[in-house]
Amino acid sequence: MNDAPLIVSSYPASYVENVTQPTHFWGRIVFGVPNLVEGGMAYFWIFVTAWMAVIAFMIYFKPKKQKHLSRWILLLAILSIPIGAGFYIGAIFAAIVGLYGLELPKPFGETFVGRIISSLRLKSKFFENLVKDSKGLQIAVVTLIIVGLAAGIGNSLYTTNLYKIKAKSPYDPEAVANVFLRGVLYTDITVYTTSISFIAIEIFKWIMLSVIVYVLAVKLADRELTFSQTSTVMAYAFVPEIILFFMPAVFMNEPNLSETWQYLIFPVSWPLVLFYITHLWGFVIMFIALRATFDISTGKAFGAALLAGVPYFLVYYMLIIPTLTLTGAPFPGVQIVFAGQSSSMLLLLGSIGLALAVFLGALRKE
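Shown next, in the form of structure tokens:
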């Protein structure tokens with residue numbers, strides 16, 4: 000109705016100069032997409048959300064038609080994103096309801112979306128049942144594809160807009176005004192090709208982690224778990240990366256935009272905050288999953304997670320990505336590269352982690 004999406008910022012700003020001072024923190028989150036909500040279009044989006052509410056009532060009164068109606072709820076939830084989707088939370092809940100409705104009368108925990116939520120909630124019982132599920136591997140692969148696509152869309156959109164902002168030195172005033180102040184998101188064909196390539200990256204990381212876990216935490220410790228079961232469980236360690244979809248919803252000025260500032264020994268920026276959250280959450284999922292599937296003590300499970308997680312992290316982030324960067328090979332999206340003192344600190348922490356893993360009995364046979 001106001002010819003613009005809803006934008007919430009750390010303080011009001013009308014000029015580029017107000018938001019480009021690195022000495023003053025400024026950030027914004029936008030709920031909606033410019034050029035899709037202006038004028039009469041606003042009434043169309045109101046109709047979309049109102050129709051979604053009507054369908055919800057129809058499901059309540061005609062439960063036998065829930066599968067057909069749930070498809071509409073899922074579609075309308077996705078369509079509601081251009082107007083902010085109820086601060087995005089509404090769209091997420093609507094999509095969950097729509098996906099759940101497609102698989103009724105299954106118990107919620109056995110549905111596709113229920114599995115994702117169970118892994119994020121760190122439910123041990125979920126991982127215990129997962130290794131007994133004959134279709135677990137196929138569902139895990141589908142989960143990785145969706146996570147990779149969502150992470151790819153968010154990552155590539157953020158990168159595309161970052162390149163627009165940095166097109167001129169120190170920044171492009173027009174791009175800053177559009178992205179920061181008006182909530183515009185630039186997009187082009189590379190956003191979609193990059194998003195698809197993230198699926199391949201996600202699957203590569205999954206295979207790599209599964210092999211490391213199988214060799215170090217299963218075979219060397221003489222535990223009874225097949226590679227198929229191991230890879231099925233490890234797929235859910237990457238589920239937290241789905242939150243990268245929301246990376247371009249938030250933009251901040253430097254040093255949080257693409258540079259970093261130091262907090263204790265940790266470099267900090269908006270992409271790095273999401274990096275820390277997704278990887279820490281993924282590590283905890285791996286720890287819970289190993290404890291549940293191996294039926295071992297908390298100490299041993301933590302040691303097994305360290306034994307597998309440390310080599311995976313060091314090889315991927317300190318060997319594979321830097322090598323590809325040096326060779327000039329295209330690597331999509333925002334990538335975290337550790338160099339100099341950060342590399343030395345990571346190697347030190349990795350060595351301590353591996354020593355702690357051995358001390359906790361990660362290699363001790365049952």
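0 is the number of the first residue of the sequence shown in numbering that gives the first Met the number 0; add one for each residue after it. Note that the Cβ used here is the ideal one computed from N, Cα and C, for glycine as well.
Taking the Cβ atom as the reference point for each residue, do residue i and residue j lie within a distance shorter than 8 Å?
i: Gly153; j: Ile6; result: no
i: Pro239; j: Trp280; result: yes
i: Gly302; j: Ala234; result: no
i: Arg363; j: Ala139; result: no
i: Val15; j: Ala149; result: no
i: Phe125; j: Ser118; result: yes
i: Leu243; j: Leu208; result: no
i: Ala291; j: Ser168; result: no
So what does DSSP say about residue i, is it helix, strand or coil?
i: Trp25; result: coil
i: Leu5; result: strand
i: Gln20; result: coil
i: Tyr191; result: helix
i: Val210; result: helix
i: Val130; result: coil
i: Pro172; result: helix
i: Tyr369; result: Lying outside 0 to 365, the shown extent of the chain, residue 369 is not represented and no answer is given.
i: Tyr262; result: strand
i: Val309; result: helix
i: Val267; result: strand
i: Val249; result: strand
i: Leu345; result: helix
Just the Cα atoms here: how many angstroms apart are residue i and residue j?
i: Phe282; j: Val190; result: 28 Å
i: Gly349; j: Ala361; result: 15 Å
i: Ile320; j: Leu313; result: 10 Å
i: Arg222; j: Ala216; result: 8 Å
i: Asp187; j: Tyr162; result: 12 Å
i: Ile91; j: Val232; result: 24 Å
i: Phe30; j: Phe226; result: 43 Å
i: Ala55; j: Glu102; result: 16 Å
i: Met0; j: Tyr275; result: Here the model assigns Met0 a pLDDT of 46, short of 50, so the residue's position is not dependable, and the following value carries that caveat. Cα-Cα distance, rounded: 38 Å.
i: Thr277; j: Pro104; result: 32 Å
i: Thr297; j: Phe265; result: 27 Å
i: Ile284; j: Thr322; result: 29 Å
i: Ser133; j: Asp294; result: 20 Å
i: Pro11; j: Phe245; result: 22 Å
i: Met344; j: Leu263; result: 12 Å
i: Gln42; j: Ala49; result: Note that residue 42 is Tyr in the sequence shown, not Gln. Approximately 10 Å, taken between the alpha carbons.
i: Lys218; j: Ile58; result: 50 Å
i: Val53; j: Ile351; result: 57 Å
Excluding sequence positions up to five away, which residues of its chain have a Cβ less than 6 Å from the Cβ of residue i?
i: Ile211; result: Ala307, Pro310 and Tyr311
i: Gly100; result: Gln65 and Ser69
i: Leu75; result: Val47 and Met51
i: Ser8; result: Arg27
i: Leu353; result: Val309
For residue i, which option in the options has the closest C-alpha, if you only look at C-alpha atoms?
i: Ile198; options: Ile144, Val175 and Ala304; result: Ile144
i: Ile116; options: Ser133, Leu98, Asp132 and Pro104; result: Leu98
i: Phe24; options: Val112, Thr277 and Phe179; result: Phe179
i: Thr229; options: Tyr213, Thr48 and Gly26; result: Tyr213
i: Tyr170; options: Phe358, Val18 and Leu355; result: Val18
i: Leu121; options: Leu289, Leu347 and Leu305; result: Leu289
i: Met317; options: Ser118, Asp132, Ile45 and Leu346; result: Leu346
i: Glu258; options: Leu305, Lys165 and Thr225; result: Lys165
i: Trp44; options: Phe56, Ile77 and Glu127; result: Ile77
i: Phe286; options: Trp71, Ser209, Leu305 and Phe111; result: Leu305
i: Leu224; options: Thr277, Glu127, Ala174 and Phe265; result: Glu127
i: Pro172; options: Lys105, Ser13 and Ser133; result: Ser13
i: Leu256; options: Leu271, Ile284, Tyr10 and Gln137; result: Leu271
i: Thr131; options: Glu109, Thr142 and Val141; result: Here residue 131 turns out to be Lys, not Thr, going by the sequence shown. The candidate whose alpha carbon is nearest that of Lys131 is Glu109.
Using a Cβ-Cβ cut-off of 8 Å (strictly less than) and excluding sequence neighbours within five positions of residue i, which residues of its own chain qualify?
i: Pro247; result: Gly153, Leu156, Tyr157, Asn160 and Leu184
i: Val249; result: Gly26, Arg27, Ile28 and Trp269
i: Ser342; result: Met317
i: Gln261; result: Val267
i: Tyr315; result: Lys204 and Met207
i: Val141; result: Phe111
Leaving out the 5 sequence neighbours to the left and right, which residues in its chain are closer than 7 Å to residue i when beta-carbon positions are compared?
i: Leu73; result: Ala94, Gly97 and Leu98
i: Val146; result: Glu201, Phe237, Val238, Glu240 and Ile241
i: Pro21; result: Asn252, Glu253 and Pro254
i: Lys368; result: The chain is shown only over 0 to 365; residue 368 falls outside these bounds and no answer can be derived.
i: Leu129; result: Gly135, Thr231 and Val232
Shorter than 8 Å from the beta carbon of residue i to some beta carbon of chain B?
i: Leu98; result: The chain labelled as chain B is not found in the depicted structure, where only one protein chain is given.
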